[in-house]
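Colleague: Heads up: the protein sequence lines correspond to chains B and Y, in order.
Residue numbering for the first sequence follows the numbering used here, beginning at 129 and increasing consecutively.
Residue numbering for the second sequence follows the numbering used here, beginning at 4 and increasing consecutively.
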Amino acid sequence: MESFWAEAAGRVGQVVKKEVIQILRDRKFLVLVLVTPVLQTIIFGYVANVDVTDIPTVVCDQDRSRASRELADRFLQSGFFSRAGTIDDPREADGWLDGGKAKVVLVIPFGYSKEVAGKKTSEVQVLVDATNSNVAGIAASYASAIVAETNVDMLLTRLQRIGIRAQETVLVEPETRVWYNPELKSVNFMVPGMLCVILLTSTMNLTGISMVREKERGTAEQLAVTPVRSWEVVLAKVLPFIGIGFINIVFILFLGIFWFGVPLAGSLGLLFALSGIFIFTSLGLGVLISTVAATQQQAMMMAQFFMVPNMLLSGFMFPIANMPAAVQYVTYLVPLRYYVEIVRRIFMKGAGLPELWNQLVPLAVFGIVAVGVASLRFRKVQK
Amino acid sequence: MPSAIVLKGLVKEFSGIRAVDGLSFSVERGEIFGLVGPDGAGKTTTIRMLVGVLLPTSGTAEVAGFDVVRQPEEIKKRIGYMSQKFSLYGELSVQENLDFFADIYLVSGREKEARQKRLLHFSKLGPFVGRQARHLSGGMKQKLGLSCALIHTPEILFLDEPTTGVDPVSRRELWEIVYDLLEENVTIFVSTPYMDEAERCSRVAFIHKGKILALDDPKQLKTTSGREVFEVKVKNPRQWRESLEGLPGLLEVEIFGDKLHLSFPKGGMEETALKELLARPGGAVESIRKIVPSLEDLFISLVKGQPSGG
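Laid out in structure tokens, this is it:
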């Protein structure tokens, strides 16, 4: 029995050694593996900024009163809107919006101050460019909030005038505290997500391709006539890519924490340990792909086919809570979902193992199933 | 000692088509056995079943006394296999490839060293040990492939078209290595589409459309072929071929350069009678002589004798 394992370990070691030599001699592959994730992280860190601030805004103040100026100032000093220009005629608004020079036009009509003082309802118009519905929605809700605040202030002033002091008025005021990401910086949210996606790409795609390459070149058959067992080959092909996966994690973490200043609330050790489980799952999927694909192109296409639902349904970019109920159930079939959740919780909430079990178990089950099916399918003998 | 390889009714079907159609024969220890036939005859499929990488549809085969379906791992320790396609690691050097296969077969220490030294000497690859395999010439690649297949001193060596696409010099060198192996009592099972290589085997099996057409030692095959071949030298062989059709008992005519090969059933034609028959149309025959049929003549006649489309 001892010699059985010693022999197996010896053979696995030889195949790993061969694999590492091959990777090191293939310069293009090496660059692809090590440099791409770094570039992707940098680009994503800058590009994937969904924070909405300084929305270019054109002010059309037809009233030209103290009250109207106050309202405009409330908009411009909020930090969400910044003045892109001033117009006199609301009809000029089209030109600004069409040309993309402004995203929002604030129109304060004639008689605003009179209507407000005369206890009538006045209508302030906010035109929003909704080409990007996300930004438009956020801009519209900021605008509503500012107008609502103005209303409350006016109401309080009036009450004061008739002798009721502000302290005596009963109002519900929400006191929102932002937890886990107090600065509301999207990079804090995107970089951990990016880590997950890059790791899936580098491990699943590369193992798939590397395994299929052996098939294409006929070396898989040459190995098949040697005493190497199938599981020894699978294990040996996978080990170097676990290493590559961890190298990628180190690079991305370094960039995220030191370059983009993303705070890591949780334990680095836990992050590495659980990433190991994800890498195992992802490699299993890669091997599975390789047992189906006959050529490297096919393997690439299949990996791509698998990547898209992983990106869309993992919650990496689009919040799962916003998806239709039926689609939310589908997301449970996407392994990346669990890992994204794990990484974000560790990064942002400082979650420990007790809070992560419910994500970890399904992820591990996926991995075991993928590796199991792949090993069964990866046979040395063909039918 | 039992036979090295025994096939009994071995069949392989690919989606209903019989690539190998009921092969039964045995290969004795220490012989060099040739499986000879054109592309698509079923040679590679047969070898892949024997080395245990392809499951037979039906029938059985034993290699080195072990069943190919039930005990493939026992077989793999005792055989060497070189596939038709170069299938070593191109990024690895000659030495690294040799080391890799030695280690995979758990050949180590002094034995590994001695074996490698000998194989490098055999293959004349000594000066190229540091070169990456992908940068070797076709012939050198093939010799490296053979060396890797021999690193663990196999009892039986399977060579699938080892000389296809190899230059004549390397081809000769490969065969020299193969003959040296025979002296070490290695059994060799080789497939080839070339008739001149078939002549180098101790026994050959002609395979066509998955079936064995004939099996014997090459000399025996030629003498018991049941036919007589005359070589006729003429001025204009193409014109002659047409005019010869309808000659009594003629099985076939093949053109070889400026000569015609005329085949008759054994005893179906005498040299003198043929001379008289051919003298009539104009006296342009330069010479007629009876020859031993080549393996190519024989193979073609066997193929033609097969029911068409079968």
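Backbone N, C-alpha and C fix where the C-beta goes; we use that ideal spot for every residue, glycine too.
1. Could you name the residues that DSSP lists as bridge partners for residue 253 of chain B?
2. From the DSSP output, in three-state form, read off residue 6 of chain Y for me.
3. Which term fits residue 124 of chain Y, buried or exposed, when burial requires 16 or more other beta carbons within 10 angstroms of its beta carbon?
4. Would you be able to state if there are at least three C-beta pairs under 8 angstroms between the segment 391-407 of chain B and the segment 429-441 of chain B?
5. Using the beta-carbon of each residue, which ones in chain Y are nearer than 8 angstroms to residue 355 of chain B?
6. With which residues is residue 184 of chain B paired in a DSSP beta bridge?
7. Measure from the C-beta of residue 68 of chain Y to each C-beta in chain B and report whether the shortest distance is under 8 angstroms.
8. Taking the continuous beta strand (DSSP E) assigned at residue 194 of chain Y, which residues delimit it?
9. Can you tell me whether residue 291 of chain Y is helix, strand or coil according to DSSP?
10. What residues from the segment 133-159 of chain Y come within 9 angstroms of chain B, judged by C-beta to C-beta, listed N to C?
11. Put residue 12 of chain Y into one of helix, strand or coil per three-state DSSP.
12. Please confirm if residue 86 of chain Y has its CB atom under 8 angstroms from at least one CB of chain B.
13. Residue 25 of chain Y and residue 13 of chain Y - do their beta-carbons sit closer together than 8 angstroms?
14. Listing by chain order, which chain B residues have their CB less than 7 angstroms from the CB of residue 90 of chain Y?
15. Out of Y/47, Y/223, Y/269, Y/216, point me to the one whose CA is closest to residue 206 of chain Y's CA.
16. Taking only beta-carbon positions, decide if residue 135 of chain B is within less than 8 angstroms of chain Y.
17. So is residue 108 of chain Y buried or exposed if we call it buried at 16+ other beta carbons inside 10 Å?
18. Going by beta-carbon coordinates alone, are residue 266 of chain Y and residue 255 of chain Y separated by less than 8 angstroms?
19. Grouping DSSP H, G and I as helix and E and B as strand, with all else coil, what is residue 215 of chain B?
20. Just by C-beta distance, which residues in the segment 132-162 of chain B are closer than 7 angstroms to chain Y?
21. Which residue from B/175, B/496, B/149 puts its Cα closest to that of residue 318 of chain B?
22. List the DSSP bridge partners of residue 236 of chain Y.
23. Assign residue 230 of chain Y to one of two classes, buried (16 or more other C-beta atoms within 10 Å of its C-beta) or exposed (fewer than that).
24. Which residue marks the beginning of the beta strand (DSSP E) containing residue 162 of chain Y, and which one marks its end?
25. Which runs of the alpha helix (DSSP H) fall wholly inside the segment 72-125 of chain Y and span at least 4 residues, in chain order?
26. Would you please verify whether the beta carbon of residue 101 of chain Y is less than 8 angstroms from any beta carbon of chain B?
27. Assuming residue 61 of chain Y is part of the beta strand (DSSP E), what are its boundary residues?
28. My output table needs one value for residue 385 of chain B: the three-state DSSP class, helix, strand or coil.
29. Run down chain Y in chain order and give the residues with a C-beta less than 9 angstroms from the C-beta of residue 510 of chain B.
30. Where residue 360 of chain B and residue 62 of chain Y are concerned, what is the direct C-alpha to C-alpha distance, given to the nearest angstrom?
31. For residue 184 of chain B, I'd like the list of residues in its chain whose CB is within less than 6 angstroms of its CB, leaving aside the five on either flank, ordered along the chain.
32. Helix, strand or coil: which one does DSSP assign to residue 231 of chain Y?
33. Counting Cβ pairs closer than 8 angstroms, one from the segment 152-163 of chain B and one from the segment 111-128 of chain Y, do we hit at least three?
34. Check whether the Cβ of residue 95 of chain Y lies closer than 8 angstroms to any Cβ atom in chain B.
35. I'd like to check one pair, residue 510 of chain B with residue 54 of chain Y: are the Cβ atoms closer than 8 angstroms?
36. If I'm right that residue 235 of chain Y touches residue 281 of chain Y with Cβ under 8 angstroms, what's the distance once you round it to whole angstroms?
Modeller: With the structure as the only source:
1. If you number the first sequence from 1, residue 253 of chain B lands on position 125. The partner list for residue 253 of chain B (beta bridge, DSSP) reads B/235.
2. Translated into the one-based positions of the second sequence, residue 6 of chain Y becomes position 3. In this structure, residue 6 of chain Y counts as coil in the three-state DSSP scheme.
3. Translated into the one-based positions of the second sequence, residue 124 of chain Y becomes position 121. Classification of residue 124 of chain Y: exposed, given that the 10 Å Cβ count is below 16.
4. No contact exists between the segment 429-441 of chain B and the segment 391-407 of chain B.
5. Position 227 of the first sequence, counting from 1, holds the residue named residue 355 of chain B. Going along chain Y in sequence order, the residues near residue 355 of chain B (Cβ under 8 angstroms) are 76, 79, 80, 107, 108, 109.
6. The residue given as residue 184 of chain B occupies position 56 in the first sequence. Looking at the DSSP output, residue 184 of chain B sits in a beta bridge with B/210.
7. Position 65 of the second sequence holds residue 68 of chain Y. Taking Cβ atoms only, chain B never reaches closer than 8 angstroms to residue 68 of chain Y, which makes this a no.
8. Taking the second sequence and counting its residues from 1, one reaches residue 194 of chain Y at position 191. Here the beta strand (DSSP E) through residue 194 of chain Y covers 190-195.
9. Position 288 of the second sequence holds residue 291 of chain Y. In the structure shown, residue 291 of chain Y sits in a strand (DSSP, three-state: E or B).
10. The segment 133-159 of chain Y vs chain B, Cβ under 9 angstroms: 135, 148, 151, 152, 155.
11. As a first step, residue 12 of chain Y must be located in the second sequence, where it is residue number 9. Collapsing the DSSP output to three states places residue 12 of chain Y in a strand.
12. Residue 86 of chain Y sits at position 83 when you count from the first residue of the second sequence. With 8 angstroms as the cut-off, residue 86 of chain Y counts as an interface residue toward chain B.
13. Position 10 of the second sequence holds residue 13 of chain Y. Position 22 of the second sequence holds residue 25 of chain Y. Against a cut-off of 8 angstroms, the Cβ pair of residue 25 of chain Y and residue 13 of chain Y comes out as a contact.
14. Locating residue 90 of chain Y in the second sequence gives position 87, where the first residue counts as 1. Residues of chain B passing the Cβ test: 345, 346, 347, 349, 350.
15. The residue labelled residue 206 of chain Y in the question sits at position 203 within the second sequence. If we check each option's Cα against that of residue 206 of chain Y, Y/223 comes out closest.
16. To locate residue 135 of chain B, count along the first sequence from 1; it is residue 7. At least one CB atom of chain Y sits nearer than 8 angstroms to the CB of residue 135 of chain B.
17. Within the second sequence, numbered from 1, the residue matching residue 108 of chain Y stands at position 105. Answer is buried; the Cβ neighbour count reaches 16.
18. Position 263 of the second sequence, counting from 1, holds the residue named residue 266 of chain Y. Position 252 of the second sequence, counting from 1, holds the residue named residue 255 of chain Y. Yes, Cβ-Cβ distance for residue 266 of chain Y and residue 255 of chain Y is below 8 angstroms.
19. Here the question's residue 215 of chain B lines up with position 87 in the first sequence. Residue 215 of chain B falls in the coil class under three-state DSSP.
20. For the segment 132-162 of chain B, the beta-carbon criterion of a distance under 7 angstroms to any beta-carbon of chain Y is satisfied by 135, 138, 139, 142, 146, 149, 150, 153, 154.
21. Along the first sequence, read from residue 1 onward, the residue named residue 318 of chain B stands at position 190. Closest option to residue 318 of chain B, Cα to Cα, is B/175.
22. Taking the first residue of the second sequence as 1, we reach residue 236 of chain Y at position 233. Note: residue 236 of chain Y sits in a beta bridge opposite Y/262, Y/290.
23. As a first step, residue 230 of chain Y must be located in the second sequence, where it is residue number 227. By the 10 Å Cβ count, residue 230 of chain Y comes out buried.
24. Walking along the second sequence from the start, residue 162 of chain Y turns up at place 159. From DSSP, the beta strand (DSSP E) with residue 162 of chain Y extends over 159-163.
25. The segment 72-125 of chain Y is shown to contain whole alpha helix (DSSP H) runs of 4 or more residues at 75-81, 97-107, in chain order.
26. By 1-based counting over the second sequence, the position of residue 101 of chain Y is 98. No, residue 101 of chain Y lies away from the interface with chain B (no Cβ there is under 8 angstroms from its Cβ).
27. Indexing the second sequence from 1 puts residue 61 of chain Y at position 58. Going by DSSP, residue 61 of chain Y is part of the beta strand (DSSP E) stretching over 61-66.
28. Numbered from 1 along the first sequence, position 257 holds the residue referred to as residue 385 of chain B. Residue 385 of chain B: helix per DSSP, three-state reduction.
29. Your numbering for residue 510 of chain B matches position 382 in the first sequence. Going along chain Y in sequence order, the residues near residue 510 of chain B (Cβ under 9 angstroms) are 51, 56, 57, 58.
30. Position 232 of the first sequence, counted from the start, is the residue given in the question as residue 360 of chain B. Position 59 of the second sequence, counted from the start, is the residue given in the question as residue 62 of chain Y. Distance between the alpha carbons of residue 360 of chain B and residue 62 of chain Y: 30 angstroms.
31. Here the question's residue 184 of chain B lines up with position 56 in the first sequence. The answer, listed in chain order, is 212, 230, 231.
32. Residue 231 of chain Y sits at position 228 when you count from the first residue of the second sequence. Annotated three-state conformation of residue 231 of chain Y is strand, per DSSP.
33. By the Cβ rule, the segment 152-163 of chain B does not count as touching the segment 111-128 of chain Y, because fewer than three pairs are nearer than 8 angstroms.
34. Within the second sequence, residue 95 of chain Y is the residue found at index 92, counting from 1. At least one CB of chain B lies nearer than 8 angstroms to the CB of residue 95 of chain Y.
35. Counting from 1 along the second sequence, the entry for residue 54 of chain Y is found at position 51. Counting from 1 along the first sequence, the entry for residue 510 of chain B is found at position 382. Taking 8 angstroms as the Cβ cut-off, residue 54 of chain Y and residue 510 of chain B do not qualify as a contacting pair.
36. Here residue 235 of chain Y refers to the residue found at position 232 when the second sequence is read from its first residue. Here residue 281 of chain Y refers to the residue found at position 278 when the second sequence is read from its first residue. The beta-carbon separation of residue 235 of chain Y and residue 281 of chain Y, rounded to 7 angstroms, stays under the 8 angstroms limit for a contact.
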